[in-house]
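Q:
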Amino acid sequence: MARPASKVPELIPPLKWRGPAFVWTPIALALAIGWPPLLLSSDPAMSRGIGVAGALAFALGLISLGAAWGAGKPPRTHRDVIVHIVVAGLAVSLAAPFVMVGLIEAAAAARNPDGEAVTLPLSAALTLLPLALLVGLPTAFIAAAIFAIVALRKPFVATPTRASERELFP
């Protein structure tokens, strides 16, 4: 029995954009980024912040996905796409408490007419870090799964017809 010359991961075909891509990709992004702000629609400020964080996470995730695709390593499973977006969501979740503390300091300085700087200790941001991860990572995972399922599809693979192909593809 002859072994294939290529490695097994190369036998798995890469994912394809669901066609037409200019229709399905925006739909997938709208569904993936839009569901968390929709759940918090009663609080417009929180909804806007979560929408911006989700858009930033998807921008970073799609940049890393595009870099991998450009380097000749396209995603072969939906899991690969989810990992790219969840890692970007992790980075955004880790940065979110520090950005929020900076925004609080800026808002307090704008309200203070005396010009005294208002600074919060580092512990304020570090205290919020577990909560940001607890909320951000599951949200990024669900959004990434929605995007991967809606925007990308597995390519059609023909079933082997010859006996030699059946040995390679059981």
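Each residue of the sequence shown is one higher than the one before, counting from 2 in the numbering used here.
The C-beta atom is built at its ideal place from N, Cα and C for all residues, glycine as well.
Please read these numbers as outputs of a predicted model, since none were measured by experiment.
1. Could you tell me which whole beta strand (DSSP E) segments of length 3 or greater appear in the region 35 to 97?
2. For Ser43, count neighbouring Cβ atoms within 10 angstroms of its own Cβ and tell me buried if that reaches 16, exposed if not.
3. Please classify Leu30: is it buried, with 16 or more other beta-carbons within 10 angstroms of its beta-carbon, or exposed?
4. If contact is defined by three or more beta carbon pairs under 8 Å, each pair taking one atom from either stretch, is the region 128 to 135 in contact with the region 69 to 85?
5. To the nearest angstrom, how far is the alpha carbon of Arg19 from that of Leu32?
6. Output the boundary residues of the alpha helix (DSSP H) element that contains Arg131.
A: In short, the structure shows the following:
1. None, since the region 35 to 97 contains no complete beta strand (DSSP E) of that length.
2. exposed
3. buried
4. no
5. 15 Å
6. Note that residue 131 corresponds to Pro in the displayed sequence, not to Arg. Its alpha helix (DSSP H) spans residues Leu123 to Ala152.
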